[in-house]
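The opening position of the sequence shown corresponds to residue 1 in UniProt numbering, with each subsequent residue numbered one higher.
We put the CB at the ideal spot given by N, CA and C, even for glycine.
The structure appears below as structure tokens.
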Amino acid sequence: MSAQRARAVSSLWASLRPLEAYLAAGEYQGGPVFQRRPASTGIRGGTSHNAEHALPGGGVRSALQTTPPVASYTRCFGSSVERPAMQGDTRTERDTFGPILVPADRYYGAQTARSLRNFDICRDTDRMPRPIIHAFGELKRAAAKANMALGVLDSRLGEMIVRAAEEVATGKLDEHFPLVVWQTGSGTQTNMNVNEVISNRAIEMLGGELGSKSPVHPNDHVNMSQSSNDTFPSAMHIAAVLEIERKLLPGLRDLRNALQNKSTAFEDIIKIGRTHLQDAVPLTLGQEFSAYVQQLEFGEQRMLNALERLRYLAIGGTAVGTGLNSRRGFDELVCRELSEHTGTVFRPAPNKFEALAAHDAMVETSGALNTLAVSLTKIANDIRFLGSGPRCGLGELQLPENEPGSSIMPGKVNPTQCEAMTMLCAQVMGNHVAVTIGGSNGHFQLNVYKPLIAYNVLHSTRLLTDGMKSFELHCVHGIEANRERIAFLVERSLMLVTALNPVIGYDKAAAIAKKAHRENLSLREAALASGYITAEAFDQAVDPRRMLAPAET
């Protein structure tokens, strides 16, 4: 090598040292890198020496151009995700496209590694939701049990698959699921991520070599009797049912009960109603809050109704709904095992073709979540408007003072819980638009918007679950009525004149109200000045307590 060329090579490696330090410091967050490796690694699971890496459309990528190996850090949905590991910490795995390097400390394999390379899209924010991964663990566990019961899966291998799947279902292996939502629309890469993790974990428990696919193969054993086309929609439904039943519905009931307690506490407080944002006839503050209670009760009923369609699972439909490569009774056994293990009911979809090609049940569920968001927006807006003030607003409610509200106005306190609630409800409404578009785009035998639909339904579920709990604890529990302000506004209201309609007629009652407003008189003063009614008759008719319900016959 000439001296000039040697200096050039030396300069090149020197320029790469900052990159190596950058990687070692853990700052890199995605994208292909060039990476030197030792000639051999000696890592269990094979060497990474001279590995080549398949490229889309043919051709290969040399070992110097691999997708970076990864290690975990915390990200959205409460788990860890991937950032590059140190050079040398790799093994070689293979799929139908050829060999590819995989981090030595990860259970996933070649197809997951390819997805990481090909879909580096919002990896720091948009990971596949953990509830989907945990639901997949439940599903793979039940499938292994069913295949063993049918006599098509060796019990020794099957039991290891069950144990590994249970670790997936409980979140123990969350750091081994780095893929993002934005991948193939069938969710195939995530299904294979699950298959690879369970396969390698089972192999490890059996004392085998990671990446060998022996004695437990990700496709032949973990994915036996299944396809991505029926497992992903099944996992979508399982995840949605469990999140709604275990988290959203309890939170919804807690908020409803808190509002019911306020309705009961306020049942004797008469206030002025408002329609069109203008003064109206009276009602009690308890009656006003009873509307919020009813909205949430209807919201619960809608969620329960939607859950009935979510309980139907696509499992057993395999690729297009015919059940090719499955066994008769497999779907029944899977659903029975799932029901027993999760403590809630799942059933085989009555029509597998519909279950793969359309996701109307998820759209319906998103619609119920959207309606709940509409209800919560109305409730939060009412409460913050009724609490406006403290001196120049309506001021009928006193809201909890949780934190300072302004960086410039001393002493200002804002209705922050109401603001957070209305913002997250707006996000839920936006999510529903995405789900609607995704649901409407099922073409022929397969809808290929599955990850988008699952992501948005679960995001909405989580937003509403957490939002309702925060609103209940930090707002509703601390709401108090400002009785003096409410009584003052009742006394000044002109709409009490409505009670005079049956006595003197609509036109004369309207004239009294206009006179009172024009001349800044009380309603009683204007009525007596008009000569249309006596003081005794006025006092008998205009009694707010008698205006709260229909008259007795």
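Is residue i helix, strand or coil by DSSP?
{"i": "residue 103", "result": "strand"}
{"i": "residue 260", "result": "helix"}
{"i": "residue 92", "result": "strand"}
{"i": "residue 318", "result": "coil"}
{"i": "residue 38", "result": "Residue placement at residue 38 cannot be trusted, given a pLDDT of 36 that sits under 50; the coordinates are not used to answer."}
{"i": "residue 282", "result": "strand"}
{"i": "residue 217", "result": "coil"}
{"i": "residue 534", "result": "coil"}
{"i": "residue 270", "result": "strand"}
{"i": "residue 523", "result": "helix"}
{"i": "residue 251", "result": "helix"}
{"i": "residue 246", "result": "helix"}
{"i": "residue 184", "result": "coil"}
{"i": "residue 68", "result": "Its pLDDT being 39, under 50, residue 68 is placed unreliably by the model, and nothing is read from it."}
{"i": "residue 359", "result": "coil"}
{"i": "residue 296", "result": "helix"}
{"i": "residue 432", "result": "helix"}
{"i": "residue 275", "result": "strand"}
{"i": "residue 547", "result": "helix"}
{"i": "residue 45", "result": "In this prediction, residue 45 scores a pLDDT of 41, lower than 50, which makes its location untrustworthy; no coordinate-derived value is stated."}
{"i": "residue 179", "result": "coil"}
{"i": "residue 446", "result": "strand"}
{"i": "residue 171", "result": "coil"}
{"i": "residue 576", "result": "Since the first and last residues shown for the chain are 1 and 553, residue 576 lies out of range."}
{"i": "residue 98", "result": "strand"}
{"i": "residue 120", "result": "coil"}
{"i": "residue 224", "result": "coil"}
Name the DSSP bridge partner or partners of residue i?
{"i": "residue 348", "result": "313"}
{"i": "residue 480", "result": "398"}
{"i": "residue 422", "result": "According to DSSP, residue 422 bridges with nothing at all."}
{"i": "residue 200", "result": "DSSP, once it has assigned bridges, lists no residue as partnering residue 200."}
{"i": "residue 127", "result": "180"}
Closest by CA to residue i, which one among the options?
{"i": "residue 217", "options": "190, 102, 454 and 154", "result": "154"}
{"i": "residue 323", "options": "442, 160, 226 and 109", "result": "226"}
{"i": "residue 397", "options": "459, 104 and 487", "result": "487"}
{"i": "residue 136", "options": "297, 430 and 242", "result": "242"}
{"i": "residue 432", "options": "416, 464 and 411", "result": "464"}
{"i": "residue 529", "options": "514, 541 and 540", "result": "514"}
{"i": "residue 317", "options": "438, 308 and 355", "result": "355"}
{"i": "residue 526", "options": "540, 537, 511 and 358", "result": "511"}
{"i": "residue 172", "options": "134, 505 and 180", "result": "134"}
{"i": "residue 349", "options": "207, 111 and 332", "result": "332"}
{"i": "residue 194", "options": "411, 520 and 113", "result": "113"}
{"i": "residue 415", "options": "501, 506, 184 and 475", "result": "475"}
{"i": "residue 419", "options": "245, 446, 393 and 388", "result": "388"}
{"i": "residue 335", "options": "367, 142 and 405", "result": "142"}
{"i": "residue 220", "options": "196, 208 and 210", "result": "196"}
{"i": "residue 325", "options": "306, 152 and 351", "result": "152"}
{"i": "residue 296", "options": "224, 229, 351 and 253", "result": "253"}
{"i": "residue 394", "options": "121, 120 and 277", "result": "277"}
Considering only residues of the same chain and omitting the five flanking positions on each side of residue i, which have a CB-CB separation below 7 Å?
{"i": "residue 293", "result": "256, 259, 260 and 263"}
{"i": "residue 517", "result": "494"}
{"i": "residue 547", "result": "281, 282 and 499"}
{"i": "residue 234", "result": "139, 313, 314 and 315"}
{"i": "residue 421", "result": "376, 380, 467 and 471"}
{"i": "residue 401", "result": "413"}
{"i": "residue 384", "result": "415 and 418"}
Which same chain residues, not among the five before or five after residue i, have their C-beta less than 8 Å away from its C-beta?
{"i": "residue 544", "result": "270, 282, 490 and 496"}
{"i": "residue 205", "result": "160, 163 and 164"}
One question on the structure: do residue i and residue j come within less than 9 Å of each other, judged by their Cβ atoms?
{"i": "residue 369", "j": "residue 304", "result": "no"}
{"i": "residue 198", "j": "residue 212", "result": "no"}
{"i": "residue 311", "j": "residue 347", "result": "yes"}
{"i": "residue 115", "j": "residue 192", "result": "yes"}
{"i": "residue 357", "j": "residue 443", "result": "yes"}
{"i": "residue 374", "j": "residue 453", "result": "no"}
{"i": "residue 371", "j": "residue 240", "result": "no"}
{"i": "residue 157", "j": "residue 215", "result": "yes"}
{"i": "residue 185", "j": "residue 449", "result": "yes"}
{"i": "residue 267", "j": "residue 285", "result": "yes"}
{"i": "residue 232", "j": "residue 188", "result": "yes"}
{"i": "residue 95", "j": "residue 109", "result": "yes"}
{"i": "residue 344", "j": "residue 245", "result": "yes"}
{"i": "residue 458", "j": "residue 103", "result": "no"}
{"i": "residue 446", "j": "residue 320", "result": "yes"}
{"i": "residue 430", "j": "residue 359", "result": "no"}
{"i": "residue 200", "j": "residue 330", "result": "no"}
{"i": "residue 451", "j": "residue 111", "result": "no"}
Which same chain residues end up closer than 6 Å to residue i when comparing Cβ atoms and leaving out the 5 residues on each side of it in sequence?
{"i": "residue 542", "result": "496 and 499"}
{"i": "residue 509", "result": "497, 500 and 501"}
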